[in-house]
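S.K.:
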Amino acid sequence: MATWRVLTLDHHEPAVSFEDVVELMDAAGTAAGAAYNRSDVVEALHERQPALVAVGSGGELVGAAVARISGPDAHLLVFAIHPKWRHLGIGSALLRGLDQEIIHRGARRLVALVRSGQVGEEAFANQGFTHLDGLHLYTRDSSMVPEDLARVEHYGGGLPEPGLWGSMKGFTTTKELLERRVVEPLRHPELASQLGLVQPATILLFGPPGTGKTSFARAIASRLSWSFVELHPSLLGHGAQGATALRQALDDLQRVERLVCFIDEADEIAADRAGRPDTQPLVNELLKAVPTFKSRPGRLMVMATNSIASIDSALLRPGRFDLIIPVGAPDGAGRAELAGEFLPDADADMVAERTAGFTPADFALVAQRSAQLAFDRALAGGRDRIDDDDVLAAIGATRPSVNADAAERFAAEAAAYARL
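Its first residue numbered 20, the sequence shown is counted upward by one per residue in this note's numbering.
(1) Based on Cα-Cα distance, which residue from Phe-225, Arg-200, His-173, Val-202 lies nearest to Ala-435?
(2) Between the stretch 330-338 and the stretch 373-391, do at least 3 Cβ pairs fall closer than 8 Å?
(3) How would you call Ser-246, buried or exposed, if buried means at least 16 neighbouring beta carbons within 10 angstroms?
(4) What is the rounded straight-line gap between the Cα of Ala-46 and the Cα of Pro-102?
(5) Residue ranges of each alpha helix (DSSP H) run of no fewer than 4 residues wholly in the stretch 265-321, ordered along the chain?
(6) With a threshold of 6 Å (Cβ to nearest heavy atom), would Met-322 be considered close to the ligand MG?
(7) For the stretch 385-394 against the stretch 300-318, do three or more pairs of beta-carbon atoms, one drawn from each stretch, fall closer than 8 Å, so that the two count as touching?
(8) Cβ of Ile-100 within 7 Å of Cβ of Gly-116?
(9) In this structure, does DSSP put Arg-237 in helix, strand or coil?
(10) Measuring only the C-alpha atoms, how far is Val-370 from Asp-407?
(11) Could you pull the DSSP bridge partners for Thr-27 from this structure?
(12) Could you give the C-beta distance for Val-40 and Val-85, rounded to a whole number, given that I count them as a contact under 8 Å?
(13) For Asp-441, which three-state DSSP category applies?
(14) Just list the residues that DSSP pairs Thr-374 with in beta bridges.
(15) Could you work out which residue in Ala-390, Phe-235, Gln-119 is closest to Pro-345 when comparing CA atoms only?
(16) Considering only C-alpha positions, which residue in the set Asp-291, Leu-319, Val-302 is nearest to Phe-281?
(17) Could you tell me the boundaries of the alpha helix (DSSP H) in which Phe-148 lies?
(18) Flag this pair as yes or no: are the beta carbons of Ala-365 and Ala-355 separated by less than 7 Å?
(19) Can Val-72 and Leu-129 be called in contact, C-beta distance under 7 Å?
(20) Who are the Cβ neighbours of Asp-283 in its own chain at under 7 Å, not counting the five residues just before and after it?
(21) When you compare the CB positions of Ala-446 and Val-25, do they come within less than 7 Å of one another, or not?
(22) Give the secondary structure of Ala-348 by DSSP, where H, G and I count as helix, E and B as strand, and everything else as coil.
(23) Quick check for students: name the residue ranges of the alpha helix (DSSP H) that lie wholly in the stretch 171-206, counting only runs of 4 or more.
(24) Between the C-alpha atoms of Leu-392 and Asp-409, what's the straight-line distance to the nearest angstrom?
(25) Go ahead and pull the three-state DSSP assignment for Thr-1.
(26) Are Ala-289 and Val-279 touching if we call contact CB-CB under 7 Å?
(27) Should Val-275 go down as buried or exposed, given a rule of 16 or more other Cβ atoms within 10 Å for buried?
(28) For Val-35 and Gly-77, I'd like the C-alpha separation in whole angstroms.
(29) The beta strand (DSSP E) that contains Ile-222, what's its start and end?
(30) On the three-state DSSP scale, how would you describe Phe-382?
(31) Taking the alpha carbon of Asp-424 as the reference point, which residue from Gly-347, His-106, Ile-109 has its own alpha carbon closest?
(32) When the Cα atoms are used, what is the spatial distance from Leu-205 to Asn-325?
(33) My understanding is that Pro-379 touches Leu-411, with C-beta atoms under 8 Å, so please give their C-beta distance in whole angstroms.
(34) Using a Cβ-Cβ cutoff of less than 7 Å, which residues in the same chain neighbour Thr-192 once the five nearest sequence positions on both sides are dropped?
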């Protein structure tokens with residue numbers, strides 16, 4: 020019959036190392052899906068937190084229990100028994116010894132997070148642990164390390180608020196495209212790699228002003244739970260000075276994992292060098308930076324422009340931007356959605372028919388103008404609600420951000436430049 024003995028780790032002869040405990044976690048299958056990772060366990064061992072081991076008759080490590088004292092509680096970090104040594108009472112012995120150890124250190128309760136079916140469940144029951152029904156463990160890795168956060172904040176960035184993706188109304192087609200081609204491959208990199216799908220690292224959004232390009236860039240970061248930094252051309256400067264500032268910023272930000280780096284008004288720093296020689300240093304820096312971004316997973320550069328025709332052709336060649344995506348004014352379905360958002364009491368289909376070229380900002384303006392008309396009428400003793408006549412009057416007083424000429428130019432540019 021196999022024999023074993025339980026020892027306090029820091030009193031044991033140096034035959035058992037910290038690495039042995041980690042290897043036992045792997046062999047016992049307790050590392051995968053555990054509430055605490057290997058680094059937590061190693062740190063606790065180095066700090067000489069309570070730790071007991073079970074050693075077989077041949078000196079081999081067959082069981083381990085490590086806890087961390089936190090006030091009156093001791094949290095069990097690892098409870099591992101080698102598969103060949105289970106059902107021999109080792110688990111119960113480890114827990115009894117650990118209980119005594121934490122009492123000596125002033126703790127009054129041993130707390131264990133255990134998955135259903137995990138090795139040791141029987142030992143916990145045998146040793147009088149109380150099982151609390153209905154409790155679930157939720158964990159999430161922090162979004163970035165402190166050094167990365169410092170870099171992001173240095174450039175005025177941070178973590179965008181959650182829920183921005185869901186707040187993007189009126190752009191169903193564009194949103195579905197970005198979800199499928201950008202967000203999902205970055206959210207599921209292992210599956211993308213398995214199937215040979217290259218995750219986007221650089222994308223260019225183009226379209227008329229007011230169509231949500233900046234909002235989409237920020238919403239992508241929110242959807243991914245990545246940090247977001249906007250590098251605005253006006254803050255970078257021009258010529259050689261601007262190129263130096265751009266190089267320094269991109270060198271810093273390329274070190275940050277899980278980052279969306281957004282450059283708006285790309286035509287200001289990436290204009291065709293033939294027509295704007297002053298932009299040549301900036302274009303050259305961008306041409307160097309794009310391959311670097313593409314070589315480091317977990318980073319996304321998003322550039323946006325209202326005038327894609329003015330962008331230097333070298334940046335538009337295949338291999339620079341993974342995707343070149345047109346972002347136009349909301350279509351009929353999108354306008355109906357915006358009507359429901361801003362004008363919930365109006366006939367959405369009627370509003371959609373009369374608002375071609377309207378952007379979300381235009382709808383917000385229509386909503387305010389409609390409310391003002393109803394407010395003025397109510398003060399004069401009339402109806403105190405917004406009706407369709409108010410909405411139609413407000414629409415008639417509002418000029419669409421994307422007029423017919425701009426829409427026609429955008430359609431031609433989308434046909435010529437889009438790469439989806």
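Where a beta carbon is used, it is the ideal one built from N, C-alpha and C, also for glycine.
M.R.: Reading it off the structure:
(1) Phe-225
(2) no
(3) buried
(4) 8 Å
(5) 285-288, 299-314
(6) The ligand MG is absent from the structure shown, which contains no ligands of any kind.
(7) no
(8) no
(9) helix
(10) 9 Å
(11) Leu-71
(12) 7 Å
(13) Residue 441 lies beyond the stretch modelled for the chain, which goes from 20 to 439, so this question has no answer here.
(14) According to DSSP, which records beta bridges pairwise, Thr-374 is partnered with nothing at all.
(15) Phe-235
(16) Leu-319
(17) Looking at the DSSP string, Phe-148 is not in any alpha helix (DSSP H), and its letter there is neither H nor E.
(18) no
(19) no
(20) Thr-233, Glu-249, His-251, Ala-323
(21) This structure cannot settle anything about residue 446, because the visible part of the chain is limited to 20 through 439.
(22) coil
(23) 191-197, 203-206
(24) 6 Å
(25) This structure leaves residue 1 out entirely; the chain is present only between 20 and 439.
(26) no
(27) buried
(28) 12 Å
(29) 221-225
(30) helix
(31) Gly-347
(32) 26 Å
(33) Actually they do not touch by this definition, with Cβ atoms about 19 Å apart.
(34) Asp-350
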